[in-house]
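Undergrad: Supplied in structure tokens, the structure appears directly below.
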Amino acid sequence: MMGKMLIGRFVPLDSTLHRMDPRAKLIVVFLFICIVFFATNSWGYLLLIAYVLFMTILSKVPIKYIYIGLKPVLWLILFTFFLHLFFTKEGDLFFHYGWISIYEEGVRMGILISIRFFLLIIMTSLLTLTTTPIELTDAIETLLAPLKKVKFPVHELALMMSISLRFIPTLMDETEKIMKAQIARGVEFSSGPIKNRIKAIVPLFIPLFVNSFKRAEELAIAMEARGYQGGEGRTKYRQLTWQMTDTVMIIILLLVTAFLLLLRG
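Start counting the sequence shown at 108; every next residue gets the next number (the working numbering).
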């Protein structure tokens, strides 16, 4: 249940994407999020699909992990699809029955927007599945380093993100343990009226919040005991190294961007 959620989780494998510099991966994902909106026709989306398939193959991440990443937002994708299907009134009439009228443009937009959602989720999932939380926050801190000149707390921001990413899987596992304990006592979470299910979930919050504050306090004490004083004088166990592969991957994405712009014209 909760253990199937991928937020903040890392899959240790030996792949091209795993070996990439996390800064390069962040740049690639950020650029992809921007260029996915450049696609305005079927050829553009086919090019983006081919690129995402290429990245998925390079990651060696099993398809089941990609599916698990998509599963929680499938309802949102379906909702968006039907929203365009029933409320876009442009183009030729595609289907009509009673008060329901579906137009060709609604079908086209529904499909294309759904594909856009799928591509964005897969790319962001690949980022977290192939990058440890520490690597990710180190990359963010390095990329935002110029902001230190204007007194922006870059290190503190990176630290907060690192702790948050580490705590998400922990909280999910903690929730699953509490739910299993409640199920053993006869509580029903997946059956019965919705009202009863909501009532069954409410008692989870108190032990979950108590455990969360307890873990936060333990972490704060551990950091103080180790003499943590912010980013001043802090060294890193692993140094980020930019390689030729990282440059090649960014060049490939820039070529994809150029082709997308040509297809728009």
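Ideal Cβ positions, reconstructed from N, Cα and C, are used throughout, including at glycine.
Under 8 Å between the Cβ atoms of residue 144 and residue 236?
TA: Cβ atoms of residue 144 and residue 236: not closer than 8 Å.
Undergrad: Around the Cβ of residue 124, are there at least 16 other Cβ atoms within 10 angstroms (buried) or fewer (exposed)?
TA: The residue is buried, with at least 16 neighbouring Cβ atoms inside 10 Å.
Undergrad: Short of 8 Å in beta carbon distance, which residues of its chain neighbour residue 358, apart from the five on each side in sequence? Order them along the chain.
TA: So the list is empty, once near-sequence residues are dropped.
Undergrad: For residue 132, does the count of other Cβ atoms within 10 angstroms reach 16, so buried, or fall short, so exposed?
TA: Result: buried.
Undergrad: Looking at the secondary structure, which residues open and close the beta strand (DSSP E) in which residue 210 lies?
TA: Residues 207-210.
Undergrad: Exposed or buried, which one is residue 226 when buried takes at least 16 other CB atoms within 10 Å?
TA: The residue is buried, with at least 16 neighbouring Cβ atoms inside 10 Å.
Undergrad: Tell me where the alpha helix (DSSP H) around residue 315 begins and ends.
TA: Where residue 315 is concerned, the enclosing alpha helix (DSSP H) stretches over 312-332.
Undergrad: Would residue 248 be called buried (16 or more neighbouring beta carbons within 10 Å of its own) or exposed?
TA: Classification for residue 248: buried.
Undergrad: Taking the alpha carbon of residue 155 as the reference point, which residue from 166, 199, 142, 198 has its own alpha carbon closest?
TA: Measuring from the Cα of residue 155, the nearest candidate turns out to be 142.
Undergrad: Going by CA-CA distance only, name the one from 228, 222, 196 that's closest to residue 213.
TA: The option with the nearest alpha carbon to residue 213 is 196.
Undergrad: Based on the DSSP secondary-structure assignment, which residues constitute the bridge partners of residue 203?
TA: According to DSSP, which records beta bridges pairwise, residue 203 is partnered with 208.
Undergrad: Counting only runs of 4+ residues fully inside the segment 155-196, write out the alpha helix (DSSP H) ranges in chain order.
TA: Taking only runs of at least 4 residues, the alpha helix (DSSP H) segments lying wholly in the segment 155-196 are 170-177, 181-194.
Undergrad: Confirm the yes/no value for this check: CB of residue 267, any heavy atom of the ligand NAP, distance under 7 Å.
TA: In the structure shown, the ligand NAP is absent, as is every other ligand, since no ligand is present at all.
Undergrad: Can you tell me which of 160, 321, 182 puts its alpha carbon nearest to the alpha carbon of residue 229?
TA: If we check each option's Cα against that of residue 229, 160 comes out closest.
Undergrad: Any idea what DSSP makes of residue 349, helix, strand or coil?
TA: Of the three classes helix, strand and coil, the one that applies to residue 349 here is coil, per DSSP.
Undergrad: By DSSP, does residue 148 sit in helix, in strand, or in coil?
TA: Looking at residue 148 - three-state DSSP - the assignment turns out to be coil, as it is neither helix nor strand.
Undergrad: Closest by CA to residue 362, which one among 288, 135, 205?
TA: When only C-alpha atoms are compared, the closest one is 135.
Undergrad: What's the C-alpha gap between residue 217 and residue 192?
TA: C-alpha separation (whole angstroms): 6 Å.
Undergrad: By alpha-carbon positions, which one of 202, 238, 149 ends up nearest to residue 168?
TA: Among 202, 238, 149, the Cα nearest to that of residue 168 belongs to 238.
Undergrad: Distance check for residue 200 and residue 211, CA to CA, integer angstroms please.
TA: Those two C-alpha atoms are separated by around 6 Å.
Undergrad: May I ask you to report which of helix, strand or coil DSSP gives residue 127?
TA: Looking at residue 127 - three-state DSSP - the assignment turns out to be coil, as it is neither helix nor strand.
Undergrad: Decide if residue 369 is buried, meaning its Cβ has at least 16 other Cβ atoms within 10 Å, or exposed.
TA: Answer is exposed; the Cβ neighbour count stays below 16.
Undergrad: Measuring CB to CB, does residue 349 end up less than 8 Å from residue 121?
TA: For residue 349 and residue 121, no; Cβs fall outside 8 Å.
Undergrad: With C-beta atoms as the reference, is residue 173 less than 8 Å away from residue 163?
TA: Yes; because the gap between Cβ atoms is below 8 Å, this pair is in contact.
Undergrad: Less than 8 Å between the beta carbons of residue 221 and residue 278, yes or no?
TA: No. Outside cutoff.
Undergrad: Would you say residue 254 and residue 285 are within 8 Å of each other, going by their C-beta atoms?
TA: For residue 254 and residue 285, no; Cβs fall outside 8 Å.
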